[in-house]
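No gaps in the numbering here: position 427 of the sequence shown is 429 in the numbering used here, and each next residue is one more.
Cβ atoms here follow ideal geometry from the backbone N, Cα and C, with glycine treated the same way.
All figures in this text were calculated on a predicted structure; none of them were measured in a lab.
What follows is a set of notes on a single structure, which appears directly below.
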Amino acid sequence: MGIITPACLPWYFLKVNNTKSRILIGIAPIVLMAAAHASPVWAADPFSFIVFGDLNGGDCQRNVRFHQLVTLMTAGDASFFVNTGDLIEGYGTTSCFGHDNSCAGTEASGNMAYQLAPLAGQTPPEDLAATFFPVIGNHDGGWGSGWYPDPCGDGICDLLDPSVYINHGSILDVPGFFAHNLDHGDICSVDQATSAHPTDFYYSFAFKNSYFIIIRQSEDYSGMLSCNGGHPGYDSCEAYCSDPALYLDSQRNNYCYSVFQWDWLVTELMAAVDDYDHIFVFGHAPMLGSGWNHSPTHGADQFRALFEEYDVDIFFNGHNHAYERTHPVRGSTVDPTGPVYITTGSAGALTDGINGDWFTAASYMQWTDYADLEDMTTYLEITVDGHEVSGRVFSLGAGEVDTFSLAKYGPLFADGFESGTTDAWFAGQRKAKRQKTP
Numbered sequence: 003m004g005i006i007t008p009a010c011l012p013w014y015f016l017k018v019n020n021t022k023s024r025i026l027i028g029i030a031p032i033v034l035m036a037a038a039h040a041s042p043v044w045a046a047d048p049f050s051f052i053v054f055g056d057l058n059g060g061d062c063q064r065n066v067r068f069h070q071l072v073t074l075m076t077a078g079d080a081s082f083f084v085n086t087g088d089l090i091e092g093y094g095t096t097s098c099f100g101h102d103n104s105c106a107g108t109e110a111s112g113n114m115a116y117q118l119a120p121l122a123g124q125t126p127p128e129d130l131a132a133t134f135f136p137v138i139g140n141h142d143g144g145w146g147s148g149w150y151p152d153p154c155g156d157g158i159c160d161l162l163d164p165s166v167y168i169n170h171g172s173i174l175d176v177p178g179f180f181a182h183n184l185d186h187g188d189i190c191s192v193d194q195a196t197s198a199h200p201t202d203f204y205y206s207f208a209f210k211n212s213y214f215i216i217i218r219q220s221e222d223y224s225g226m227l228s229c230n231g232g233h234p235g236y237d238s239c240e241a242y243c244s245d246p247a248l249y250l251d252s253q254r255n256n257y258c259y260s261v262f263q264w265d266w267l268v269t270e271l272m273a274a275v276d277d278y279d280h281i282f283v284f285g286h287a288p289m290l291g292s293g294w295n296h297s298p299t300h301g302a303d304q305f306r307a308l309f310e311e312y313d314v315d316i317f318f319n320g321h322n323h324a325y326e327r328t329h330p331v332r333g334s335t336v337d338p339t340g341p342v343y344i345t346t347g348s349a350g351a352l353t354d355g356i357n358g359d360w361f362t363a364a365s366y367m368q369w370t371d372y373a374d375l376e377d378m379t380t381y382l383e384i385t386v387d388g389h390e391v392s393g394r395v396f397s398l399g400a401g402e403v404d405t406f407s408l409a410k411y412g413p414l415f416a417d418g419f420e421s422g423t424t425d426a427w428f429a430g431q432r433k434a435k436r437q438k439t440p
């Protein structure tokens with residue numbers, strides 16, 4: 003597959019097992035990483051991973067609920083865990099990245115390095131560098147006013163282990179792993195003038211037949227498609243910054259001051275769609291949902307169009323302290339071939355309401371209400387079994403509360419792949435993607 007790589011992107015080539023492989027640049031949690039992207043040889047055996055988010059709000063009792071949730075999450079055989087952002091309070095001393103704080107007692111500890119150790123301290127499965135992969139939320143990277151560094155004076159590297167993974171530059175101690183080479187500063191610095199946090203905190207990795215992309219999109223009204231200086235010839239910054247015809251345009255790359263992450267995301271999807279059965283994307287702010295507190299993020303229409311073009315299976319987010327799952331959606335229509343959008347921001351925080359809308363397939367309102375904090379505290383387990391994806395949602399107080407399965411091939415045999423086998427359908431889809439991808 004031919005790949006158009008924007009000149010502004012930091013691509014590297016690395017020789018792995020005597021094969022020249024492209025390195026997809028990214029910063030990872032617990033491990034700062036980017037995966038060597040070559041045609042994968044993956045096992046067909048099933049695996050599962052757990053998604054949870056939003057640990058802000060709720061004071062010390064939130065810490066107790068999350069401690070109990072961690073016990074449940076580690077009781078199974080999940081290969082790894084992904085947090086959708088807001089690991090800390092960000093303005094209060096009831097939780098900090100790496101120090102004890104105002105909450106007394108083991109279960110109430112707001113030391114998030116301690117709380118997350120049962121997830122992050124596991125031995126990774128083969129082909130994974132870590133078992134815990136977080137998104138950065140607005141409470142994890144909002145400079146000033148006691149949000150970042152946090153009220154204990156901690157930064158992100160008081161949660162992550164810089165001695166293992168960070169070489170205070172673009173090349174890490176682990177062979178084959180690279181940080182962004184964009185000269186934004188030191189990811190561990192808690193001085194805003196010299197820090198790359200949270201600017202560079204996005205990354206990707208592959209596992210078995212699936213590709214995982216973690217983006218830094220945590221705000222309601224700004225992000226990677228924001229611009230200064232105008233959007234000449236376009237109705238909005240979002241339309242201007244996302245136009246692929248302008249990828250090499252110096253004015254666009256100057257006006258759209260965070261667009262390097264968008265360009266990176268596009269190339270990630272282009273590279274992954276041909277080689278992997280499933281693509282999962284994780285962010286903090288929602289792209290589609292009906293939560294009370296946060297509407298879809300800045301540029302959500304452009305993100306959704308991109309996810310539809312490259313057949314993303316599921317986009318996961320937090321930000322709204324709730325659980326909501328959409329139907330598969332393309333544009334403004336329920337469509338079995340479209341991405342599903344899941345808000346999972348209820349891992350112990352005080353909860354938000356859900357309105358429900360035409361796209362809503364399930365929400366926590368089906369088993370409880372936002373005042374019931376125990377039943378509302380949830381996590382999501384995703385299982386990938388060949389071409390099929392299924393999910394189960396577990397509540398701290400109510401057990402299993404939602405289940406679903408996705409199999410995009412079903413009604414699409416009418417596209418011309420009439421053999422009735424999923425392998426034939428996916429082979430046909432890959433062929434179609436190769437033909438449409440520049």
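Cβ-based neighbour list, residue i, same chain, cut-off 8 Å, excluding 5 preceding and 5 following
{"i": "Tyr381", "result": "Ile52, Val53, Phe54, Leu71, Leu74, Met75, Thr346, Ala349, Val395, Phe396"}
{"i": "His141", "result": "Asn58, Gly87, Asp88, Leu89, Ile90, Glu91, Gly92, Tyr93, Trp149"}
{"i": "Glu402", "result": "Arg394, Val395, Phe396"}
Burial state of residue i (16 or more Cβ within 10 Å)
{"i": "Pro48", "result": "exposed"}
{"i": "Pro127", "result": "exposed"}
{"i": "Leu250", "result": "exposed"}
{"i": "Gly231", "result": "exposed"}
{"i": "Ser407", "result": "exposed"}
{"i": "Trp145", "result": "exposed"}
{"i": "Asn85", "result": "buried"}
{"i": "Ser486", "result": "Residue coverage of the chain in this structure runs from 3 to 440, which leaves residue 486 outside it and unanswerable."}
{"i": "Ala373", "result": "exposed"}
Residue i, DSSP secondary structure in three states
{"i": "Ser212", "result": "strand"}
{"i": "Ala379", "result": "It should be noted that the sequence gives Thr, not Ala, for residue 379. Coil, per DSSP."}
{"i": "Leu74", "result": "helix"}
{"i": "Leu118", "result": "helix"}
{"i": "Thr201", "result": "coil"}
{"i": "Arg306", "result": "helix"}
{"i": "Ile158", "result": "helix"}
{"i": "Ala364", "result": "strand"}
{"i": "Trp145", "result": "strand"}
{"i": "His280", "result": "strand"}
{"i": "Glu457", "result": "Here the chain has residues from 3 to 440 only, and residue 457 is not among them."}
{"i": "Gly87", "result": "coil"}
{"i": "Pro298", "result": "coil"}
{"i": "Asn103", "result": "coil"}
{"i": "Leu271", "result": "helix"}
{"i": "Tyr259", "result": "coil"}
CB of residue i within 8 Å of CB of residue j, strictly
{"i": "Ile316", "j": "Ile344", "result": "yes"}
{"i": "Ile138", "j": "His286", "result": "yes"}
{"i": "Ser206", "j": "Ser197", "result": "no"}
{"i": "Phe209", "j": "Asp277", "result": "no"}
{"i": "Asp377", "j": "Trp369", "result": "yes"}
{"i": "His101", "j": "Asp156", "result": "yes"}
{"i": "Asp354", "j": "Asn322", "result": "yes"}
{"i": "Gln227", "j": "Ser252", "result": "Rather than Gln, the amino acid found at residue 227 in this sequence is Leu. Cβ atoms of Leu227 and Ser252: not closer than 8 Å."}
{"i": "Arg306", "j": "Gln263", "result": "no"}
{"i": "Phe309", "j": "Val283", "result": "yes"}
{"i": "Phe82", "j": "Leu161", "result": "no"}
{"i": "Phe134", "j": "Ile216", "result": "no"}
{"i": "Val275", "j": "Tyr325", "result": "no"}
Own chain, CB closer than 7 Å to residue i, minus 5 neighbours either side, in chain order
{"i": "Asp279", "result": "Asn211, Ser212, His389, Phe428"}
{"i": "Ala110", "result": "Cys62, Asn65, Val66"}
Cβ-based neighbour list, residue i, same chain, cut-off 6 Å, excluding 5 preceding and 5 following
{"i": "Ile158", "result": "His199"}
{"i": "Tyr223", "result": "His300"}
{"i": "Pro153", "result": "Thr95"}
{"i": "Leu248", "result": "Arg254"}
{"i": "Gln194", "result": "Trp145"}
*asked:* Whether or not the region 105-123 and the region 234-244 are in contact is what I'm after, with contact meaning three or more pairs of Cβ atoms, one per stretch, closer than 8 Å; do they touch?
replied: Cβ pair count under 8 Å is below three, so no.
*Does the region 258-268 come close enough to the region 322-342 to have 3 or more Cβ pairs within less than 8 Å?*
Contact annotation: the region 258-268 does not touch the region 322-342, with fewer than three C-beta pairs closer than 8 Å.
*Please determine if the region 361-368 and the region 294-307 are in contact, where contact requires at least 3 C-beta pairs separated by less than 8 Å.*
Segments in contact, no.
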